[in-house]
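Going by my numbering, the residue at position 165 of the first sequence is 187; the numbering climbs one at a time, nothing skipped. Backbone N, C-alpha and C fix where the C-beta goes; we use that ideal spot for every residue, glycine too. Note sheet for the following structure.
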Amino acid sequence: MPELPEVETVARRIEKDVVGKTIVSADVRWARTLATPSVKKFKEQIKGQKIKAVSRRAKYIHILLENYNLLIHLRMSGDLLLRTGKIKPEKHDRLILDLKMPNSGISQLAFNDTRKFGKVWLTNQPEKFLGKLGPEPLEKDFTPQWLYENLRKRKRQIKPLLLDQTFLAGVGNIYADESLHIAKIHPQALSNVVTLKQAEALHEAIVSVLKEGIRRNGASIDWVYRGGEYQNYFRVYDREDEACMVCGTKIKKIIVGQRGTHFCPKCQKVERK
DNA sequence: CTGGCTCCCTGAATGC
DNA sequence: TGCATTCAGGGAGCCA
Numbered sequence: 023m024p025e026l027p028e029v030e031t032v033a034r035r036i037e038k039d040v041v042g043k044t045i046v047s048a049d050v051r052w053a054r055t056l057a058t059p060s061v062k063k064f065k066e067q068i069k070g071q072k073i074k075a076v077s078r079r080a081k082y083i084h085i086l087l088e089n090y091n092l093l094i095h096l097r098m099s100g101d102l103l104l105r106t107g108k109i110k111p112e113k114h115d116r117l118i119l120d121l122k123m124p125n126s127g128i129s130q131l132a133f134n135d136t137r138k139f140g141k142v143w144l145t146n147q148p149e150k151f152l153g154k155l156g157p158e159p160l161e162k163d164f165t166p167q168w169l170y171e172n173l174r175k176r177k178r179q180i181k182p183l184l185l186d187q188t189f190l191a192g193v194g195n196i197y198a199d200e201s202l203h204i205a206k207i208h209p210q211a212l213s214n215v216v217t218l219k220q221a222e223a224l225h226e227a228i229v230s231v232l233k234e235g236i237r238r239n240g241a242s243i244d245w246v247y248r249g250g251e252y253q254n255y256f257r258v259y260d261r262e263d264e265a266c267m268v269c270g271t272k273i274k275k276i277i278v279g280q281r282g283t284h285f286c287p288k289c290q291k292v293e294r295k
């Protein structure tokens, strides 16, 4: 499921091929994919807009246009696909943008999303939707000290807190489980009793796991999101009853904050202080 | 402030 | 074999 590394991979993949092109028309194939504005306004506003840049913020893909910002959230099963020429839509295409260069033919940017959880925003106030997000884990302002202080400020189970996008941006279920295992912290440990040493270990684990995910083009789970390799390197995620790579104990799966959670009961003990 | 629950969806897995 | 049911999962919204 697209988390920071998968979204980064998708953004980098399309960037070269769309920057500089002009959106000549939009085919909205599933109206509820548009968070804002209405289908009618979306089509009017996006028509003729030139694509200036593609970047990522948290799990959003940010496509900068001349007068607007196109924000795309892939949620569970979304993907962006680039096609050359006039090709008929594929199953699960929810939005198709026809792109054109001055001296070349049509190409298409398709938002394909099996489960229809994904959302697209067209806005001139991107900060309205991105402003409440926490820091980027791969940027300079995410430091061990910041993590320590902010974990201590809250009193929550640590895993749901890592998944909270207003706390830290971009971490999802897979990378949270992987990070906590590397840092040897129980997913239900309370954030306010984490030690500086643990926070430092967690910081390093989050950064390394996200970088490794990006290096392997993300993780492909089941039939959702294709092309990544990171699923071959999972330590705990999707490894229930398999041996922990550190101590050999069977990995356990429990529900934490309504999310499937994988951890090693020996390496990741609950802290009681 | 926190946590729990529901909703949005489809396709794979499971049940009979 | 085939039909019906169950379930995962990111994030918003609601409630306690």
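Outcome for residue i when other beta-carbon atoms lying within 10 angstroms are tallied against a minimum of 16
| i | result |
| --- | --- |
| LYS233 | exposed |
| GLU30 | buried |
| GLY100 | buried |
| ASP135 | buried |
| PRO27 | buried |
| LYS295 | Caution applies to LYS295, whose pLDDT of 42 falls short of 50 and renders its modelled position unreliable; the value that the coordinates give is listed next. With fewer than 16 other Cβ atoms within 10 Å, it is exposed. |
| CYS289 | buried |
| ARG78 | buried |
| LYS141 | buried |
| ARG54 | exposed |
| PRO124 | exposed |
| ALA221 | buried |
| ASP163 | exposed |
| GLY282 | exposed |
| ASP115 | buried |
| LYS108 | exposed |
| GLY127 | exposed |
Candidates the options: closest to residue i by CA position
| i | options | result |
| --- | --- | --- |
| ASN195 | ASP260, LEU155 and ILE207 | ASP260 |
| ASN214 | PHE151, ASN172 and GLU37 | ASN172 |
| LYS69 | ALA57, GLN253, ASN89 and ARG54 | ASN89 |
| VAL231 | LYS206, GLU200 and LEU218 | GLU200 |
| GLU149 | HIS84, GLY42 and ALA223 | HIS84 |
| GLU226 | TYR197, LYS177 and ARG78 | TYR197 |
| GLU37 | ARG54, LEU131, PHE139 and VAL229 | LEU131 |
| VAL268 | GLY279, VAL278 and PHE256 | PHE256 |
| TRP168 | GLY127, LYS219, ALA53 and LEU56 | LYS219 |
| LYS3 | TYR170, ARG174 and TRP143 | The requested residue 3 does not occur in the structure, where the chain is confined to residues 23 to 295. |
| LEU152 | THR44, ALA221, GLY279 and ASN91 | ASN91 |
| LEU185 | GLN179, VAL193 and SER242 | VAL193 |
| ARG97 | SER60, VAL46, GLU25 and GLY127 | GLU25 |
| LEU56 | PHE139, ARG176 and LYS175 | PHE139 |
| GLN280 | LEU183, LYS43 and ARG237 | LEU183 |
| GLN71 | GLN147, LYS43, HIS114 and GLU161 | LYS43 |
| ILE45 | ARG35, GLU66 and ARG34 | GLU66 |
| ARG16 | LYS113, MET23 and LEU102 | Given a span of 23 to 295 for the chain in the structure shown, any question on residue 16 remains unanswerable. |
| GLN147 | CYS266, SER242 and PRO59 | PRO59 |
| VAL278 | LYS177, ILE243 and LYS181 | LYS181 |
Residues near residue i in its chain [Cβ-Cβ closer than 7 angstroms; skip 5 each side]
| i | result |
| --- | --- |
| PRO287 | THR271 and LYS274 |
| ASN239 | THR31, GLY249, GLY250 and GLU251 |
| GLN187 | ALA80, LEU155 and GLY156 |
| VAL292 | HIS208, GLN210 and ALA211 |
| VAL61 | VAL50 and ALA53 |
Per DSSP, the bridge partner or partners of residue i
| i | result |
| --- | --- |
| TRP143 | THR58 and LEU93 |
| GLN179 | LEU212 |
| ARG281 | VAL278 |
| SER129 | THR106 and LEU121 |
| HIS135 | It is worth fixing the name first, because residue 135 is Asp in this sequence and not His. Paired residue(s): GLY100. |
| LYS272 | ALA265 |
| ASP13 | Missing from the structure shown is residue 13; the chain here goes from 23 to 295 and no further. |
Contact set for residue i: own chain, Cβ-Cβ below 6 angstroms, skip 5 residues either direction
| i | result |
| --- | --- |
| SER129 | THR106 and LEU121 |
| LEU86 | LYS74 and ALA75 |
| ALA191 | ALA80, LEU155, GLY156 and GLU158 |
| THR145 | ASN91 |
| ARG174 | ASN214 |
| ALA205 | ALA223, LEU224 and ALA227 |
Close Cβ partners of residue i (< 8 angstroms) along its chain, the five nearest in sequence each way excluded
| i | result |
| --- | --- |
| ILE118 | ALA48, ASP49, ARG51, PRO111, GLN130, LEU131, ALA132 and PHE133 |
| PHE285 | ASP199, LEU202, HIS203, HIS208, PRO209, VAL258, ILE273, LYS274 and ILE276 |
| THR165 | HIS225 |
| GLU264 | LYS272 and ILE273 |
| TYR82 | VAL29, LEU93, ILE94, HIS95, PHE151 and LEU152 |
| VAL229 | PRO159, LEU160 and PHE164 |
| VAL216 | TYR170, LEU173, ARG174, ILE180, ILE207, LEU224 and GLU293 |
Check: residue i C-beta below 8 angstroms from any heavy atom of the ligand SAM
| i | result |
| --- | --- |
| LYS272 | Among the ligands in the structure shown, none appear at all, so the ligand SAM cannot be discussed. |
- Every unbroken beta strand (DSSP E) inside the region 41 to 112 [3 residues or more]: Taking 3 residues as the minimum length, the beta strand (DSSP E) runs contained wholly in the region 41 to 112 are 44 to 50, 56 to 58, 73 to 79, 82 to 87, 91 to 95 and 100 to 106, in order along the chain.
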